[in-house]
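Just below is one structure, and these are the notes that go with it.
There are 2 protein chains.
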Amino acid sequence: MNLKSTNLIVVTQRESETFLREGRLAKMEQLLEPCRVVSAEDCSPQEWESVLREANPEIVVGGWAMRPLPANALSELAPALKYVCYLAGSVRHLVSREQIAAGLLVTNWGNSISRTISECALLLTLSCMRRLTYWAEQMHDKGAWKTPATETQSLFDRRVGLHGFGAIAKELVPLLRPFTSRISAYTEGMPDEVYQEYGVEKADSLEALFANHDVIIEVEALTPARHKIIGEALLRSIPAGGVFVNVARGALVDENALVRVVKSTDLQVGLDVFAIEPLPVDHPLRGCRNVTLLPHLSGPTTDRRIDSADRAIENLQRFREGKPLIAPITCEVYDRST
Amino acid sequence: MNLKSTNLIVVTQRESETFLREGRLAKMEQLLEPCRVVSAEDCSPQEWESVLREANPEIVVGGWAMRPLPANALSELAPALKYVCYLAGSVRHLVSREQIAAGLLVTNWGNSISRTISECALLLTLSCMRRLTYWAEQMHDKGAWKTPATETQSLFDRRVGLHGFGAIAKELVPLLRPFTSRISAYTEGMPDEVYQEYGVEKADSLEALFANHDVIIEVEALTPARHKIIGEALLRSIPAGGVFVNVARGALVDENALVRVVKSTDLQVGLDVFAIEPLPVDHPLRGCRNVTLLPHLSGPTTDRRIDSADRAIENLQRFREGKPLIAPITCEVYDRST
């Protein structure tokens, strides 16, 4: 370590109280010594440059409010900088591909948030099957009660189809398992052994996945080839009484097609993500009552931000010991990220 | 079997299509031969008496619309009657204690519906933690989106306290287990081995259960001693940020106290059951936005009514073979039922 370096932790008061609660801030300070905690609220771009120049840190830990790394950070401002340990998700606004290519180590919350996303997927699925949000609103505003014709559904013994089989799907399977053993997944290029390891059937195609399962859950990564891959024909092929949930990325779905389908069928839909976020106030999905909308809060929940901090602490220890980091953001990962 | 008897299946068209779908009606007819299917919609009290007199059944299978058994059913109308196999829940309106005391066998759906109730308990719990119904409504009607101050919670690693440890609790534990191992229960008179078998901590008292768990779920049976047992002090003792869910019986809770608590705290509440059902249109719980309301539809869902029919078929087979029935409604069970 460069002896003239002072490492930086750049967080807001709220980040300190959520991500770094219960001794985590102190633990990080200890790992990063000598270390300075910078109040992200009070740090203008000019101040950020002078903080970097003055501290010349080897390690920067940052939260959402951390300023982007200036283009001359590695060459001029902070030549000692080796590792940016980001506590949140997307780093595209924060570091450039060039900085990663030049050897800068970068990590983020990675799949430490996957289990809260999978929890949200289960919640939206169960909610669609019981029509929870419909009933909650009718009960509050319309004095409603059930009638003999009221229809509800259970997840028990249902056929569940997962589009995608990454970290979220792998956390989701154990949550679904107590309800049903009829779980299939479809994604390109996944070895058969992975499906077998999780006790999940491999669907032959995206078309077969949609047509043969009562519940479809989007957990696929967004790539240019998958932009709007979920179109009207796929959505209409979900069996009657079916459920469609998206906790992955909104742009996987042709939202205009989705609006047409929900307006003309009984498909129950649960969405946490949208092609444009925040969802525009006049977006036609707003008001479609067989669609349950959430404002992209699947993961991580406030109380589980500590999972990201624990991952960061593990990585900081590894960095100190010269060991490989968990899930570093390589140029390849950077290019795939959204 | 009495040779002059014709057994009866008394169901509506809708019950036939839900409880008895996919060959279950035919299977029952075969088990009950000679058997007559009576359309419950068309059966007035007078017709019901003449149907009973004419058929003198040994077995009657019935759904919700089946008429009560007349007081003189066993003595005069249908002296061959031995077994009423009810497809739904409460039988108090259907048969009298005297008829059971006189030897009439009676069964209902028993705990075949417990797992859908436990599913609803999990749904309400997850929904309260994410404030799903709040967000769904805000997103539809107010153009809402999250802010940096938005708080959400996860069930992972939370302390869950079950009040009651009967059939619903035992189905609920496996659904909670993937989220947390910190599950406790409180009920009177349950042997320690039962808690151990399910890997659940035994709480020392109802007070300790409420004060030491983030999520409290009511799954307790209603008895006169438990009428309004959940009062204001217990509800206020749930830790800050906590959740209270009731899928058992509304009368366990002092609803006036609950209204006072939800109006003055941040307690998130999920209710499927109420002291008076249907919930009165002007009930003060309607409009309390930290309370998620459902119109008592926890169990069974429409698609799982087949579980009750499968239980009934098993019992009809047992009756035919002279074996003991699953969960017969004895006088003791009758007295405890609501």
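In the order they appear, the protein sequences are chains F and G.
According to the numbering used here, the residues represented by the first sequence are 1 to 338, in order.
According to the numbering used here, the residues represented by the second sequence are 1001 to 1338, in order.
All residues carry an ideal CB built from backbone N, CA and C; glycine is no exception.
Here the structure is a predicted model, which means the values were calculated and not measured.
Tell me the DSSP secondary structure of residue i in three-state form.
{"i": "Arg1021/G", "result": "coil"}
{"i": "Ile276/F", "result": "coil"}
{"i": "Thr107/F", "result": "strand"}
{"i": "Gly1270/G", "result": "strand"}
{"i": "Ser154/F", "result": "coil"}
{"i": "Leu247/F", "result": "With the sequence shown as reference, residue 247/F is identified as Val, and Leu is not the correct amino acid for it. The answer is coil: DSSP assigns Val247/F none of H, G, I, E or B."}
{"i": "Ile229/F", "result": "coil"}
{"i": "Asn1256/G", "result": "helix"}
{"i": "Leu1008/G", "result": "strand"}
{"i": "Lys202/F", "result": "strand"}
{"i": "Thr1147/G", "result": "coil"}
{"i": "Leu1094/G", "result": "coil"}
{"i": "Pro174/F", "result": "helix"}
{"i": "Lys1323/G", "result": "coil"}
{"i": "Met66/F", "result": "coil"}
{"i": "Ser1298/G", "result": "coil"}
{"i": "Ile238/F", "result": "coil"}
{"i": "Asn212/F", "result": "coil"}
{"i": "Leu1077/G", "result": "helix"}
{"i": "Met1001/G", "result": "Any reading at Met1001/G needs caution, since the residue's pLDDT is 46, under 50, leaving its predicted position unreliable; the model's value is listed next. The answer is coil: DSSP assigns Met1001/G none of H, G, I, E or B."}
{"i": "Leu1031/G", "result": "helix"}
{"i": "Pro224/F", "result": "helix"}
Measure the alpha-carbon distance for residue i versus residue j and round it to whole angstroms.
{"i": "Leu126/F", "j": "Phe1179/G", "result": "16 Å"}
{"i": "Asn2/F", "j": "Thr1147/G", "result": "Caution applies to Asn2/F, whose pLDDT of 48 falls short of 50 and renders its modelled position unreliable; the model cannot decide the point."}
{"i": "Gly1063/G", "j": "Ile1100/G", "result": "19 Å"}
{"i": "Cys43/F", "j": "Arg67/F", "result": "8 Å"}
{"i": "Val95/F", "j": "Arg1304/G", "result": "52 Å"}
{"i": "Leu122/F", "j": "Glu76/F", "result": "49 Å"}
{"i": "Asn256/F", "j": "Ile230/F", "result": "11 Å"}
{"i": "Pro1278/G", "j": "Val1269/G", "result": "19 Å"}
{"i": "Gly164/F", "j": "Ser112/F", "result": "18 Å"}
{"i": "Arg14/F", "j": "Met28/F", "result": "17 Å"}
{"i": "Tyr186/F", "j": "Leu209/F", "result": "7 Å"}
{"i": "Val261/F", "j": "Val291/F", "result": "11 Å"}
{"i": "Glu1151/G", "j": "Asn72/F", "result": "37 Å"}
{"i": "Asp1204/G", "j": "Thr301/F", "result": "31 Å"}
{"i": "Ala1169/G", "j": "Ala1275/G", "result": "21 Å"}
{"i": "Pro1324/G", "j": "Leu1104/G", "result": "13 Å"}
{"i": "Asp994/G", "j": "Gly23/F", "result": "Residue 994/G lies beyond the residue range present for chain G, which begins at 1001 and ends at 1338; the question has no answer from this structure."}
{"i": "Arg1053/G", "j": "Ala1225/G", "result": "42 Å"}
{"i": "Leu74/F", "j": "Leu294/F", "result": "40 Å"}
{"i": "Leu1176/G", "j": "Ala80/F", "result": "48 Å"}
What residues of chain F sit near residue i, judged by a beta carbon separation below 9 Å?
{"i": "His1296/G", "result": "Trp145, Lys146"}
{"i": "Pro1324/G", "result": "Those do not exist, as Pro1324/G stays about 27 Å from chain F at its closest Cβ, beyond 9 Å."}
{"i": "Leu1162/G", "result": "Ordered by position in chain F, no residue passes the 9 Å Cβ test against Leu1162/G, which lies about 16 Å from the chain."}
{"i": "Thr1150/G", "result": "Pro295, Leu297, Thr302"}
List, in order along the chain, the chain G residues whose C-beta lies closer than 9 Å to that of residue i?
{"i": "Leu350/F", "result": "Past the edges of chain F, shown from 1 to 338, lies residue 350/F, and the structure says nothing about it."}
{"i": "Leu126/F", "result": "Glu1119, Cys1120, Leu1122, Leu1123, Leu1126, Ser1127"}
Can you name the residues that DSSP bridges to residue i?
{"i": "Leu162/F", "result": "Ala185/F, Ile217/F"}
{"i": "Lys263/F", "result": "The partner list for Lys263/F (beta bridge, DSSP) is empty, contrary to what the question assumes."}
Against residue i, what residues of chain G qualify as contacts under a CB-to-CB distance less than 7 Å, listed in chain order?
{"i": "Ser181/F", "result": "Simply none; closest approach about 13 Å."}
{"i": "Gln153/F", "result": "Thr1301, Thr1302, Asp1303"}
{"i": "Pro239/F", "result": "Within 7 Å Cβ-Cβ: nothing; Pro239/F doesn't reach chain G, min ~12 Å."}
So the alpha helix (DSSP H) residue i belongs to, where does it begin and stop?
{"i": "Ile1059/G", "result": "Counting along the chain, Ile1059/G falls outside any alpha helix (DSSP H), though it belongs to the beta strand (DSSP E) covering 1059-1062."}
{"i": "Cys1331/G", "result": "1331-1336"}
{"i": "Thr292/F", "result": "Here Thr292/F belongs to no alpha helix (DSSP H); instead the beta strand (DSSP E) covers 291-293."}
{"i": "Arg1036/G", "result": "Run containing Arg1036/G: none in the alpha helix (DSSP H); it sits in the beta strand (DSSP E), 1035-1039."}
{"i": "Thr116/F", "result": "114-130"}
{"i": "Pro1045/G", "result": "1045-1055"}
{"i": "Asp1192/G", "result": "1192-1197"}
Taking C-beta pairs closer than 8 Å, name the residues in chain F that residue i reaches, listed in chain order.
{"i": "Met1139/G", "result": "Leu279, Arg286, Leu293, Leu294, Pro295"}
{"i": "Arg1130/G", "result": "Cys120, Leu123, Leu294, Leu297, Thr301"}
If you follow the beta strand (DSSP E) that residue i is in, where does it begin and where does it stop?
{"i": "Cys1288/G", "result": "Counting along the chain, Cys1288/G falls outside any beta strand (DSSP E), and DSSP gives it neither H nor E."}
{"i": "Val1084/G", "result": "1083-1086"}
Using the beta-carbon of each residue, which ones in chain G are nearer than 8 Å to residue i?
{"i": "Phe156/F", "result": "Arg1115, Thr1116, Glu1119, Arg1304"}
{"i": "Pro178/F", "result": "Pro1174, Leu1175, Arg1177, Pro1178"}
What does residue i reach in chain C if we use C-beta pairs closer than 8 Å?
{"i": "Trp1135/G", "result": "Chain labels in this structure do not include chain C; the protein chains are F and G."}
So with CB distances below 7 Å, who are the chain F contacts of residue i?
{"i": "Thr1265/G", "result": "Those do not exist, as Thr1265/G stays about 18 Å from chain F at its closest Cβ, beyond 7 Å."}
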